[in-house]
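To start, the structure itself, in structure tokens.
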Amino acid sequence: MSQEASHDDGHHNLMVNNKKLIMWLFLGSDCMFFGTLISTHLIYRKLYPNEFEPTQLFSLELTSFSTFILLMSSFLMALSVSAMHKGQMKSFRRNVVGVIFFGLIFLGCQVYEFTHFAHEGLLVSTGTFGSTFYLMTGTHGVHVAIGIFWLISMLFYSQSGKMEAHKNAIDVEVAGLYWHFVDIVWIVIFTVVYLIEFIA
Amino acid sequence: MTYLLKRFRNLSCLVSAALTLLFLSGCNLNTRMSTFTVKGPVAETQLDLFMLTVWVTGFIFLSVGGFYAYVVIRFRETKDSTDALPAQGHGNPLIEIGLIGASVLLLVIIAVPTMKGIWYTHDVPDNEASLMGSWYDNEASSVSISEESASEPFIIRAIGYRWWWEFEYPQLGISTANEMVIPAGRPIHIELRSVDVIHSFWLPRIAGKVDLIPGRSNSMWIQAGDSIEAWENKSAFTGTDLEKEQAYKTYLEEEIHDYYYGMCAEYCGASHARMGFRAHVVKDSEFYQWIDKQLAGHQAPGEMDWETWYEAYDNSPETLTGDINEGLKLFMGRAKCATCHVVQGNPRAVGVAGPNLTNLADRHSIAAGWLNHQTPEKTVDTEKQYENFVKWIAKTDEVKPGNLMWKAKGAGIGELDPLLNEEEIRQLSHYLQSLK
Amino acid sequence: MSTKITDIPSTLQQSDLNQLKPEKSDIGLTRPDHSKNVFIDWLTTVDHKKIGLMYGTLALFFLLVGGVEALVIRTQLAVPENNLVSAQMYNQLFTMHGTTMIFLAIMPLNAAFFNFLVPLQIGARDVAFPRINAFSLWSFVAGALVINFGWLLQALEAFGLFSASGPTAGMNDFVPAMGWFGYAPLTSKEFTGAGTDFWIMGLQILGVASISASFNFIVTIINMRAPGLKMMRLPVFTWMTLIVSLLIIFAFPAITIALAQLMFDRVFGTNFFSVAGGGQPILWQHLFWIFGHPEVYILVLPAMGIVSEVLPTFSKKPLFGYSIVVFSGAVIGFLGFAVWSHHMFTTGLGKIATAAFSLLTMAIAVPTGVKIFNWVGTLWGGRVRFQAPMIFALGFVWMFMMGGFSGIMHSSAPADAQQQDSYFVIAHFHYVAIGGILLAIISGIYYWLPKMIGKMWQGNLNLWVAVMTVVGLNITFFPMHFLGLLGMPRRYHTYLSGFGWETYNMVCTIGSYILGLGVALLVVDIILCFRSKKPAGNDPWDARTLEWATSSPPKVYNFAKTPIVNARDALWADKYGPESRKLGAMDEAHGIHMPSQSWMPLIASLGFIPLGLGLSLMQAGVPYAGYAAIFGLVTITFGISLWAIEGPGGYHLHPKEAVEEA
């Protein structure tokens, strides 16, 4: 499942694989994407503290649950990367299925949350809170969805038998980097968007 | 090689010749919106800073640029050049550090006055003389200001519309459009707001620009001409207090009282280029007169009071005759002008979507400065004014493409069916000319 | 060691290539390698040199388009109250002029140099991800088409072949007309039409192209350097590429998000910038300039890199203070993120913020000045040869300095209150953009085109280009300083007489024609060079860096043997340095591994066209446009999936000289 390979002759000045390096760079860039989204949210939140009262809408229980689920998926992701390195295809597949399953649960929670919020009157066009909240969490959801799509493709590819530890471990590792990053971003969002509201 | 060098020399000659020519031909710096011939402390601070940067960069230009030219010429390859490689020097840290130090020093020369300038130009100076109460004479006009107003600076609220300006005087309860009248030598706090997109208030000879941003209120301060203290310091005047006051008055009279031109400086859509305004700087007594006139507004044609006029208008409009009456009837009726425009006094002309038309005929231009009828002597050219009214009413979409008066979802005069005919436009223009 | 990569005797013959049969990819399709069909060969190419040439050609085309737009603008302004074009048309022209020049001309021209030169300068066979490189190129093409799509609609409408009625009734203003920095709320649905949507989507696609290309270059420069080519031995141009790429990946997200927010405002009624819903239009300005100021350095640093290559070559001396030039480039890049608000001095930031940004802006003048000192230092004691690239590079230093001076004038915030949004600013950034960037790019073209196509310039047309551009530039833009100081605001489609602006405007217009003629002559000269019979040879300028060590044009594999670098200015050291500094060559008996060509990057990129146009038209209320967007998204996903599954492939070449010497 190689996204891109060069005429890679194994010679890297930095001793880091090209694919891994490009993923790190992407994640660095992605930090700026989420940084912009989260700061937009916080700026408007500070500017209009009374525009909207999110604590009445947020369900800390549900979001904590989905955060926990996402954390667990990261754990399984780490296991599957390790399995791939050892060439244990079966264990790899089992763990990836777990990651996908947990990822889908997370997305399900988000879909439920969105419909619930919309039902309660928080729409994208509801002041600035609705706008920033949905665009930010929505972008994160899209990241999760892309990750799930990626892992599903990888799962199918591994069924074809063409996946080999020495060749594809790096691909799984790169996917793992992405997945962990998406997880970390969620922890940041969970903290500064959800938790903080309950502290104040 | 020499051929190339000769060409290169020719090139630089050509450039300098062209630039010299330009300077000789067009270099009149005393123009309507010049930032060189400034008439107020804010613009003056800004000009001083600009000139400082010019001197500093000019110095760098001459030294670095001169050295550069010297190096290029001295080390050019000539026929005599040997084939041996030049010394392969890689640099010299001492020179680098020295030059960095020198650059920093030059920047500090700019930075310090810049900091002072930022603080000075930001808002009305915090002193007694800046308060409205220190100069406003409650006896001189029909408006006496409140205690609160007396303890704050004189405020004008500039509101940007696509593509014209509203100037509100909240402490005096009056309002005008596109041509503001301000007293000379008085600090004024300008509140800047916009109702649609971003505009920018730029009155170059009095102050640099500040943006009008929808959803927030910006501010700046302006002052046309120096205060008496500043003027005294600058002119080093010696004499009795009375002489001093007289000389100061003459200074204002000769150098400050004038029309100043401003324009919108932030792109705001199709007719951005046609969003000018003017500041008429006057002496205090004229300012008070203007307040009175603005407040009193207009009576119905023929010195009639509005109640009588409207009674006639509602019941037997045919009794109201003459161009001005016909024009006013159109203004209130078919042409729907009153839907959007205020004419002070007229109880039914209270629309707020368009410019306030009180004393419209006193203004020296219409259409936000685009159609001008000022004579060189700074009076109103009535013939030209009439032409301008006709042009504006008949071709408002050509004069200011995209403007609201032409197409306003059913209320524009471009949507009338039939459009105003020549006769009607003539009558309306006559009515507008009577607004003075 | 006698195996020099500098003198490659023979090359792989065409017959050798034909013996290689294209293999099947992992999805069972035949890879489009070694195609004799020129179109297939170029459309599926992953060769950084071909991609670079395509970038260059397209960018030159858009440079001419933007230039023609500029000439119409200047003609309109030649005399007061001119009616050559309508207000709306004028606004569209200046918007598209700015957008085109920045995103479709200068950035891809820089990308052309990055692509062609960076692998050669670092002794690599190609970039790290050749297919991503192709994807960047074709995404750029897609973005350019989406942004310019409005002109097509407008032309069709003008000829009566299209009307905004019936299903397209909601459409108006097909071409963007809100200025290249699109300040909210002028970009809201209330004030502008479909043009804004094309602009948003086009810029998003161009952003994808730029960001993906930048990832590629960073990885390439960090990981693919030839043995011995330490970071502090990198050519300065490659250094600047690295810094610019880092700037792109950290600056573009800000505008991507801002554009997404704007798109949501327009399509889904969110309130990011809509005042009625509590949005703050000023937020757009912050987000835009957090991108926009680094963007200035994204444009200018490659120019500085080019000049830092040309000046040493033509004065036969190493760059003065190499490490300081590199370091100051990095400092400029870093500080570039900290000065965005100097574009907003007039927006009422408050005293403290204004003061801080004023000082930071002054600070950024220091590393820029350092570069100029070092360039002059490079010339000192050298043997300055006035050949075409050098003439432009010398002109660059001079004109860029002029742009820098007016930049220092802006840094004083109170003085800037008079200059902001006036023609003074126009003068400033055109001295930087034309006097700086364009002259450096022309210098780069004169310097490297012989390497790119293997043919040498002939005749003296380059002198005319130099005279015309430099003279035209000065006649056009020097008077604009005065125009601005005499109160003429920018973006005015016309003006009244009586403000003292008439003469200046006329002179500017005349100058712009001279400048336009200069650029036209450049194009003629380039065409002449293509038809030139004179071979360039490996090293026509007696140059210093690695790209001149291989043949002109370089073979598909760049270097028959991977060079081993033992010095900064590797080739120069090889030619004139001591034995220990000369180039070595890797022993590569197993042959050269070449990446396979692929259709997938092209297919994935083309999906952006229906996606971009579909979303734009959907906003305008065109029915079924959403399906086009979905089709585009599916195409992209499809392309990328097949791309992943088909595998990188590749084949081995055994150039004769490498085999012989092994």
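Chains as they are written, first to last, in numbering that gives the first Met the number 0: chain D, 0 to 199; chain P, 0 to 435; chain Y, 0 to 661. For each residue, glycine too, the CB sits at the ideal point set by N, CA and C. Every value quoted in this text rests on a predicted model; they were computed, and no experiment measured them.
Query - Of the listed residues N90/Y, M106/Y, Q75/Y, N36/Y, nearest to L62/Y (C-alpha basis) - result: As a working mapping, residue 62/Y is identified with position 63 in the third sequence. For the residues N90/Y, M106/Y, Q75/Y, N36/Y, the minimum Cα distance to L62/Y belongs to M106/Y.
Query raised in the report: Who are the neighbours of Q75/Y on chain P, taking C-beta pairs under 9 angstroms?
Result: Your numbering for residue 75/Y matches position 76 in the third sequence. None at all; the shortest Cβ gap to chain P is about 11 angstroms.
Query - Pairwise C-alpha distance: A337/Y and I635/Y - result: Within the third sequence, residue 635/Y is the residue found at index 636, counting from 1. Within the third sequence, residue 337/Y is the residue found at index 338, counting from 1. Rounded to whole angstroms, I635/Y and A337/Y show a C-alpha spacing of 36 angstroms.
Requested in this report: Answer yes or no: does any C-beta atom of chain Y fall closer than 7 angstroms to that of S5/D?
Outcome: The residue given as residue 5/D occupies position 6 in the first sequence. Its pLDDT being 39, under 50, S5/D is placed unreliably by the model, and nothing is read from it.
Requested in this report: Count the other CB atoms, across all protein chains shown, that sit within 10 Å of the CB of Q298/P; report buried if there are 16 or more and exposed otherwise.
Outcome: The count along the second sequence starts at 1 and reaches residue 298/P at position 299. The Cβ neighbour count for Q298/P, taken over all protein chains shown within 10 Å, is under 16; the residue is labelled exposed.
Query - Near-chain Y residues of the region 15–27 of chain D (beta-carbon distance less than 8 angstroms), N- to C-terminal order - result: Against chain Y - using a Cβ distance shorter than 8 angstroms - the residues of the region 15–27 of chain D are V15, N17, L20, I21, L24, F25, G27.
Requested in this report: Can you have a look at L437/Y and say buried or exposed, based on whether 16 or more other CB atoms are within 10 angstroms of its CB?
Outcome: The residue given as residue 437/Y occupies position 438 in the third sequence. L437/Y sits buried, since 16 or more C-beta atoms from the chains shown fall within 10 Å of its C-beta.
Query - beta strand (DSSP E) segment containing K208/P, residue limits - result: Position 209 of the second sequence, counted from the start, is the residue given in the question as residue 208/P. That run of the beta strand (DSSP E) goes 206–211.
Query raised in the report: Interface residues of chain D around P252/Y at Cβ under 7 angstroms?
Result: Position 253 of the third sequence, counted from the start, is the residue given in the question as residue 252/Y. Within chain D, the residues placing a beta-carbon under 7 angstroms from that of P252/Y are S28, M31, F32, T35, ordered along the chain.
Query raised in the report: Would a C-beta distance cut-off of 7 angstroms place V45/Y and Q417/Y closer than the cut-off?
Result: For the purposes of this step, residue 45/Y is identified with residue 46 of the third sequence, where counting begins at 1. For the purposes of this step, residue 417/Y is identified with residue 418 of the third sequence, where counting begins at 1. Not in contact: V45/Y and Q417/Y (Cβ atoms no closer than 7 angstroms).
Query raised in the report: So with Cβ pairs under 7 angstroms, would you call T127/D a contact of chain Y?
Result: Here residue 127/D refers to the residue found at position 128 of the first sequence. For T127/D, a Cβ of chain Y is located within less than 7 angstroms of the residue's own Cβ.
Query raised in the report: Along the region 202–235 of chain P, what residues have a CB closer than 9 angstroms to any CB found in chain Y?
Result: Listed in sequence order: P203, R204, A206, G207, K208, V209, D210, I212, P213, G214, R215, S216, N217, S218, M219.
**Report entry** Residues of the region 398–411 of chain Y whose Cβ lies closer than 7 angstroms to any Cβ of chain P, in chain order
**Finding:** The region 398–411 of chain Y vs chain P, Cβ under 7 angstroms: M400, F404, I407, M408, S411.
Query raised in the report: Under three-state DSSP, which class holds C218/P?
Result: On the second sequence, residue 218/P is found 219 positions in, with the first residue counted as 1. First, the amino acid is wrong: residue 218/P is Ser here, not Cys. S218/P: strand per DSSP, three-state reduction.
Query - Interface partners of S640/Y on chain D, CB under 7 angstroms - result: Taking the third sequence and counting its residues from 1, one reaches residue 640/Y at position 641. Neighbours of S640/Y in chain D, taken as residues whose beta carbon is under 7 angstroms from its own, are S152 in chain order.
**Report entry** M22/D to L191/P span [Cα, whole Å]
**Finding:** Sequence index remark: in the first sequence, residue 22/D carries index 23 (1-based). Sequence index remark: in the second sequence, residue 191/P carries index 192 (1-based). Distance between the alpha carbons of M22/D and L191/P is about 48 angstroms.
Query raised in the report: Would a check of beta-carbon distances place T269/Y closer than 7 angstroms to chain D?
Result: Sequence index remark: in the third sequence, residue 269/Y carries index 270 (1-based). Residue contact check for T269/Y against chain D: a CB pair falls below 7 angstroms.
Query raised in the report: Looking at A223/P and I197/P, is the spacing between their C-beta atoms short of 7 angstroms?
Result: As a first step, residue 197/P is located in the second sequence; it is residue number 198 there, counting from the start. As a first step, residue 223/P is located in the second sequence; it is residue number 224 there, counting from the start. Contact: no.
Query raised in the report: Beta-carbon of Y182/Y versus every beta-carbon of chain P: anything under 7 angstroms?
Result: For the purposes of this step, residue 182/Y is taken as the residue at position 183 of the third sequence. It does; some Cβ of chain P falls within 7 angstroms.
Query raised in the report: Does the beta carbon of V95/D come closer than 7 angstroms to any beta carbon on chain A?
Result: Absent from the structure: chain A. Protein chains present are D, P and Y.
Query - Rounded C-alpha distance that separates H212/D from Y111/D - result: Since the displayed chain D opens at 0 and closes at 199, residue 212/D lies outside it and no answer follows.
Query raised in the report: For T549/Y versus M585/Y, is the C-beta distance shorter than 7 angstroms?
Result: Indexing the third sequence from 1 puts residue 549/Y at position 550. Indexing the third sequence from 1 puts residue 585/Y at position 586. No; because the gap between Cβ atoms is not below 7 angstroms, this pair is not in contact.
Query raised in the report: Can you pull the DSSP bridge partners for I155/P?
Result: One-based indexing of the second sequence puts residue 155/P at position 156. I155/P pairs with I189/P.
Query - Own chain partners of H429/Y with C-beta closer than 7 angstroms, once the 5 adjacent residues on each side are dropped - result: Stepping through the third sequence from its first residue, residue 429/Y is reached at position 430. So the list reads F476, once near-sequence residues are dropped.
**Report entry** K243/P - DSSP class collapsed to helix/strand/coil
**Finding:** For the purposes of this step, residue 243/P is taken as residue 244 along the second sequence, with counting starting at 1. DSSP places K243/P in the helix class (H, G or I) of the three-state scheme.
Report task. Note the first and the last residue of the continuous beta strand (DSSP E) segment covering Y667/Y. Result -> Since the first residue shown for chain Y is 0 and the last is 661, residue 667/Y is missing from the structure and cannot be characterised.
Query raised in the report: When we look at the beta-carbon of V41/P and count the other beta-carbons within 10 Å, is it buried (16 or more) or exposed?
Result: The sequence position of residue 41/P within the second sequence is 42, counting from 1. The residue is buried, with at least 16 neighbouring Cβ atoms inside 10 Å.
Query raised in the report: For V123/D and chain Y, any beta-carbon pair shorter than 7 angstroms?
Result: Position 124 of the first sequence, counted from the first residue, corresponds to residue 123/D. Taking Cβ atoms only, chain Y reaches closer than 7 angstroms to V123/D, which makes this a yes.
Query - CB contact flag (I390/Y, A439/Y, <7 angstroms) - result: Here residue 390/Y refers to the residue found at position 391 when the third sequence is read from its first residue. Here residue 439/Y refers to the residue found at position 440 when the third sequence is read from its first residue. In terms of Cβ geometry, I390/Y and A439/Y do not form a close pair [threshold 7 angstroms].
**Report entry** Limits of the unbroken beta strand (DSSP E) element including C507/Y
**Finding:** Taking the third sequence and counting its residues from 1, one reaches residue 507/Y at position 508. Taken as a continuous stretch (DSSP letters only), C507/Y belongs to no beta strand (DSSP E), being part of the alpha helix (DSSP H) at 501–530.
Query raised in the report: With a cut-off of 7 angstroms, does the C-beta of Y650/Y fall near any C-beta of chain D?
Result: Here residue 650/Y refers to the residue found at position 651 of the third sequence. Not a single C-beta of chain D is nearer than 7 angstroms to the C-beta of Y650/Y.
**Report entry** Short Cβ contact (7 angstroms threshold) for W339/Y with I289/Y
**Finding:** Reading the third sequence from its first residue, position 340 is the one you call residue 339/Y. Reading the third sequence from its first residue, position 290 is the one you call residue 289/Y. Yes, the Cβ-Cβ distance between W339/Y and I289/Y is below 7 angstroms.
**Report entry** Members of the region 400–427 of chain P near chain Y, C-beta cut-off 9 angstroms
**Finding:** Listed in sequence order: P400, G401.
Query raised in the report: H341/Y versus chain P: which residues are under 9 angstroms apart at the beta carbon?
Result: Counted from its first residue, the third sequence places residue 341/Y at position 342. When 9 angstroms is used as the limit between beta carbons, H341/Y is near no residue of chain P, the shortest such separation being about 12 angstroms.
Query raised in the report: What's the C-alpha gap between R75/P and N461/Y?
Result: Working through the second sequence from its first residue, we reach residue 75/P at position 76. Working through the third sequence from its first residue, we reach residue 461/Y at position 462. Distance between the alpha carbons of R75/P and N461/Y is about 19 angstroms.
Requested in this report: Express the C-alpha separation of V341/P and M179/P in angstroms, rounding to a whole number.
Outcome: The residue given as residue 179/P occupies position 180 in the second sequence. The residue given as residue 341/P occupies position 342 in the second sequence. A direct Cα-Cα distance of roughly 16 angstroms separates M179/P from V341/P.
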